[in-house]
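Chemist:
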Amino acid sequence: MTIPTAITNLIDRELYANVQWKKLPSGLAKPLTDEMKAELNSRKTNAARVAAELQAERAQRPEAGEVTQANSWTLTNVAQLQDDQIPGRISYITDLIQSGEAEKYSFFSGNGDEQTTSIHQYLYWLQLRSKEIESDGTYTPDMFK
1 MTIPTAITNL
11 IDRELYANVQ
21 WKKLPSGLAK
31 PLTDEMKAEL
41 NSRKTNAARV
51 AAELQAERAQ
61 RPEAGEVTQA
71 NSWTLTNVAQ
81 LQDDQIPGRI
91 SYITDLIQSG
101 EAEKYSFFSG
111 NGDEQTTSIH
121 QYLYWLQLRS
131 KEIESDGTYT
141 PDMFK
């Protein structure tokens, strides 16, 4: 069995230059039954229907086709963080603020019973918690730098 010329002209030969084409042994490929053909036609019809519905929805609501991301962010309460998590969290939040990425999201977190929607307040609470961890209660000039 040879592949019809009309089909081979559609194949980009450069993409498949390293492929070795082999023929199936005789008797391995069996013709489709009427039941299989009906199932394939049913699936094809269903796929066309779904595609038409999607296209109609996109025509009515162009924003439906846009890829969206969640735009709200809730972070762990500062009081619930382990001591060893604080330095990494400070670094991460600082990088988000400096890169401008933090401005793209609404934000919610807390420190004990206090709550905030400000990522800057959250960073401040993290820094205070970090100072508490590092401090032995003695004031040092570098404490608030």
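In our numbering, the protein residues as written are 1 to 145. C-beta: ideal position from N, C-alpha, C; glycine also. The structure displayed is predicted, hence computed values, not measured ones.
#1: Whose CA, out of LEU128, PRO25, LYS22, lies closest to the CA of ASP83?
#2: Counting C-beta neighbours from all protein chains within 10 Å, is the total for LEU126 16 or more, i.e. buried, or is it exposed?
#3: Considering only the beta carbon of each residue, do SER106 and THR94 sit closer than 8 Å?
#4: From the DSSP secondary-structure annotation, give me the bridge partner or partners of SER72.
#5: Just curious, the alpha helix (DSSP H) that GLN121 is in, first and last residue?
#6: Please list the terminal residues of the continuous beta strand (DSSP E) segment that includes GLU114.
#7: Starting from VAL50, follow the alpha helix (DSSP H) in both directions and report where the run begins and ends.
#8: Please report the straight-line C-alpha distance between GLN60 and ARG49, rounded to a whole angstrom.
#9: Between LYS30 and LEU54, what straight-line distance do the alpha-carbon atoms span, to the nearest angstrom?
#10: Could you check whether the Cβ of ALA38 sits closer than 8 Å to any Cβ belonging to chain B?
#11: Rounded to the nearest angstrom, what separates ALA102 and LEU81 at their Cα positions?
#12: Under the rule that 16 or more other beta-carbon atoms within 10 Å means buried, what is LEU123, buried or exposed?
Modeler: Taking the coordinates as given:
#1: Measuring C-alpha to C-alpha distances from ASP83 to each of LEU128, PRO25, LYS22 identifies LEU128 as the nearest.
#2: Buried, by the Cβ-count rule.
#3: Judged by their CB atoms, SER106 and THR94 are not nearer to each other than the 8 Å cut-off.
#4: According to DSSP, which records beta bridges pairwise, SER72 is partnered with SER106.
#5: Residues 119-134.
#6: Element bounds for GLU114: 114-116.
#7: VAL50: member of the alpha helix (DSSP H) spanning 34-60, first to last residue.
#8: Cα to Cα, GLN60 sits roughly 17 Å from ARG49.
#9: Rounded to the nearest angstrom, the gap between the Cα atoms of LYS30 and LEU54 is 36 Å.
#10: In the displayed structure, chain B is absent; only one protein chain is listed.
#11: The alpha-carbon of ALA102 is positioned some 20 Å away from that of LEU81.
#12: Around the CB of LEU123, 16 or more other CB atoms lie within 10 Å, so the residue is classed as buried.
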